[in-house]
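Trainee: My numbering numbers the first residue of the sequence shown as 5 and each following residue consecutively. Note that beta-carbon positions come from the ideal geometry of N, C-alpha and C, so glycine has one too. Values in this document were obtained by computation on a predicted structure and should not be read as measured data.
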Amino acid sequence: MAFIIGFFILIYVMLIGILCLGFSKLLTFASEKLVPKTSFSICIAFRNEAKNLPALLNSLQNIRYHQELFEIVLVNDHSTDDSVQIITDFCLKNTNFESKIRILSQKSPSTSGKKAALHLAIKNAKNEFIITTDADCIVPKTWLSEINAFTLKTTKSFIAGPVALSETPFSLLNMFQELDFLSLQGATQGAFGLKKPFLCNGANLAFAKKEFFRLNGYAGNREVASGDDIFLMQKFQKDNPKSVGYLKSQKSIVYTQPQHSWKNLIEQRKRWAAKASTYTHFIAFLVSWAVLLANFASIIAIFYLHTSVFLISILILKIVVDFILIAQAARFFSKRSYLWGYLWSFLVYPFFTLFIAISSQLQSFEWKGRQLKK
5 MAFIIGFFIL IYVMLIGILC LGFSKLLTFA SEKLVPKTSF SICIAFRNEA KNLPALLNSL
65 QNIRYHQELF EIVLVNDHST DDSVQIITDF CLKNTNFESK IRILSQKSPS TSGKKAALHL
125 AIKNAKNEFI ITTDADCIVP KTWLSEINAF TLKTTKSFIA GPVALSETPF SLLNMFQELD
185 FLSLQGATQG AFGLKKPFLC NGANLAFAKK EFFRLNGYAG NREVASGDDI FLMQKFQKDN
245 PKSVGYLKSQ KSIVYTQPQH SWKNLIEQRK RWAAKASTYT HFIAFLVSWA VLLANFASII
305 AIFYLHTSVF LISILILKIV VDFILIAQAA RFFSKRSYLW GYLWSFLVYP FFTLFIAISS
365 QLQSFEWKGR QLKK
């Protein structure tokens, strides 16, 4: 039994070790002050985001880019709060910015959901490149200029960018979220460094509008609660692997809000995990199962540690490689202060992962006031 447990953990250790190498291979983008040429449509779906929209709108207003080369398309996904009024009031107070914002609304309940809202925004977008982010995000001033420089230098038609959690007061919940999110971002950059991407985040994506429609956009996975980012990337990747790139630049980091309770975090992670069973991308499928089996094996290993030096050695290896990947990401995102909580998170994470994996496949989950199914 100890050998079987150790085998699953060892496979995981090898995969994470390879991702650590990939992270080192992915070079930081050497940004240049190139002339703004690319036109962008920033597309954002929102549902009941009244408390987050002011910060988002302020950050969008502060973007430093040629004003004629970008627009903002906001889509109301059946909000029941004051979201639309907040946007309207913001435009009235900032008349110089009003012309840049368009507000669309989904009319039919049958077309609800983030993918449908984004599709409506993209369909109505006027510019050549689409950028997506979320309504609870804050974008940097240099966001568009960095993406413009990257598109001009690389000619990529699908660009993933870095995402980090906004700073919050210390708590065990926030520390756990930070380390978990850093591990995801580390794996994302590591896979791009290996030229085998399988993760990205819809809070910071850019892609060519004409390619989106040529590849039938979100068609084929609209019934999945999330995945507007990963499934779309897989379509671009399958069509032309060289068209997909990662903008590794601290000047392009988008900040998103962490969850404010364990319940909300669990519901969010269940939503993310629900799409794993629909993966057709081999590497995404392999890594998701390796993570699940290794964490399950880590729990079982607890009962055999007193009899197996082999298992103890394998678990120490797992602790080390996980830490290296998270530390690499923490350095890039300037979040090394969270690393002191790594051992605590390491002990909690296997139980958290196993619970999320099982519940995401067996239970419905709630998000933005909606009851969703796998």
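Is the beta carbon of alanine 207 less than 8 Å from the beta carbon of isoleucine 13?
Mentor: No, they are not a contact pair.
Trainee: Check whether the Cβ atoms of glutamate 75 and asparagine 152 sit closer than 8 Å, and answer yes or no.
Mentor: Cβ atoms of glutamate 75 and asparagine 152: not closer than 8 Å.
Trainee: Give me whichever residues DSSP pairs with cysteine 95 in a beta bridge.
Mentor: DSSP lists no partner for cysteine 95.
Trainee: For cysteine 141, which residues does DSSP report across the bridge?
Mentor: DSSP output for cysteine 141 lists Thr260 as bridge partner(s).
Trainee: So, for glutamine 238: in the same chain, excluding its five sequence neighbours on each side, which residues have a beta-carbon less than 7 Å away from its beta-carbon?
Mentor: Closer than 7 Å at the Cβ level, and outside the excluded window around glutamine 238, lie His285.
Trainee: Taking 6 Å as the limit between beta carbons, can you name the residues of its chain near isoleucine 303, skipping five residues before and five after?
Mentor: Closer than 6 Å at the Cβ level, and outside the excluded window around isoleucine 303, lie Pro354.
Trainee: Going by other Cβ atoms of all chains shown within 10 Å of its Cβ, with 16 needed for buried, is proline 262 buried or exposed?
Mentor: Classification for proline 262: buried.
Trainee: Under the criterion of a Cβ to heavy atom distance below 7 Å, does leucine 60 qualify as lining the ligand COA?
Mentor: Of the ligands one can find in the structure shown there are none, so the ligand COA has no counterpart to examine.
Trainee: Does the Cβ of methionine 179 have 16 or more other Cβ atoms within 10 Å, making it buried, or fewer, making it exposed?
Mentor: Methionine 179 should be labelled buried.
Trainee: Note the first and the last residue of the continuous beta strand (DSSP E) segment covering asparagine 299.
Mentor: From DSSP, asparagine 299 is part of no beta strand (DSSP E) but of the alpha helix (DSSP H) over 286 to 305.
Trainee: My assumption, with CB atoms under 8 Å, is that asparagine 98 sits in contact with glutamine 71. Please give the rounded CB distance.
Mentor: Contact flag wrong, Cβ pair sits at about 13 Å.
Trainee: On a CA-only basis, which of Phe162, Asp86, Gln193, Ile126 is nearest leucine 26? Give me that one, please.
Mentor: The displayed chain sequence assigns glycine, not leucine, to residue 26. It is Gln193 whose Cα lies nearest to the Cα of glycine 26.
Trainee: Taking buried to mean at least 16 other C-beta atoms within 10 Å of its own C-beta, is glutamate 271 buried or exposed?
Mentor: Classification for glutamate 271: buried.
Trainee: Express the C-alpha separation of alanine 59 and phenylalanine 94 in angstroms, rounding to a whole number.
Mentor: Computed Cα separation, rounded: 11 Å.
Trainee: Under a three-way DSSP split, which group does leucine 269 fall into?
Mentor: Here leucine 269 sits in helix by DSSP.
Trainee: Inspect the beta-carbon positions of serine 109 and valine 77 and report whether they are closer than 8 Å.
Mentor: Result no, Cβ atoms of serine 109 and valine 77 do not sit closer than 8 Å.
Trainee: Are three or more beta carbon pairs between the region 211 to 219 and the region 147 to 162 nearer than 8 Å?
Mentor: Result yes; three or more Cβ-Cβ pairs closer than 8 Å.
Trainee: Could you give the DSSP three-state label for threonine 136: helix, strand or coil?
Mentor: Here threonine 136 sits in strand by DSSP.
Trainee: Can you tell me whether DSSP reads valine 352 as helix, strand or coil?
Mentor: Here valine 352 sits in helix by DSSP.
Trainee: Can you tell me where the alpha helix (DSSP H) holding leucine 315 begins and where it ends?
Mentor: It spans 313 to 336 - the alpha helix (DSSP H) in which leucine 315 sits, taken as one unbroken run.
Trainee: Give me the residue from Thr146, Glu102, Glu53 with the minimum Cα distance to serine 83.
Mentor: Closest option to serine 83, Cα to Cα, is Glu53.
Trainee: Kindly indicate the opening and closing residues of the alpha helix (DSSP H) around serine 63.
Mentor: Taken as a continuous stretch (DSSP letters only), the alpha helix (DSSP H) holding serine 63 covers 57 to 65.
Trainee: From tryptophan 276 to serine 292, what distance separates their C-alpha atoms?
Mentor: Each residue's Cα considered, the two are about 12 Å apart.
Trainee: Which residue or residues does DSSP assign as beta-bridge partners of isoleucine 48?
Mentor: Answer is Leu78.
Trainee: Apart from the five residues on each side of it in sequence, which residues of its chain come closer than 6 Å, Cβ to Cβ, to arginine 400?
Mentor: A query on residue 400 cannot be resolved here, the shown segment of the chain reaching from 5 to 378 and no further.
Trainee: Please report the straight-line C-alpha distance between alanine 120 and proline 173, rounded to a whole angstrom.
Mentor: Their Cα atoms are separated by approximately 35 Å.
Trainee: In three-state terms, what does DSSP make of valine 248?
Mentor: Looking at valine 248 - three-state DSSP - the assignment turns out to be strand.
Trainee: Would you please state the rounded distance, in angstroms, between the beta carbons of leucine 23 and alanine 195? I believe it to be under 8 Å.
Mentor: Right, the Cβ-Cβ distance comes to about 6 Å (below 8 Å), so this counts as a contact.
Trainee: Three or more C-beta pairs closer than 8 Å, one from the region 300 to 314 and one from the region 134 to 150: is that the case here?
Mentor: No: fewer than three Cβ pairs fall under 8 Å.
Trainee: What does the alpha-carbon distance come out to for the pair leucine 203 and glycine 117?
Mentor: Cα to Cα, the separation comes out at about 21 Å.
Trainee: Pull the bridge partners of phenylalanine 162 from the DSSP assignment, please.
Mentor: In the DSSP output, where bridge partners are listed per residue, phenylalanine 162 has Phe211, Val248.
Trainee: Mind checking whether isoleucine 91 and leucine 57 have CB atoms under 8 Å apart?
Mentor: Yes, Cβ-Cβ distance for isoleucine 91 and leucine 57 is below 8 Å.
Trainee: Looking at proline 166 and isoleucine 257, is the spacing between their C-beta atoms short of 8 Å?
Mentor: Yes. Within cutoff.
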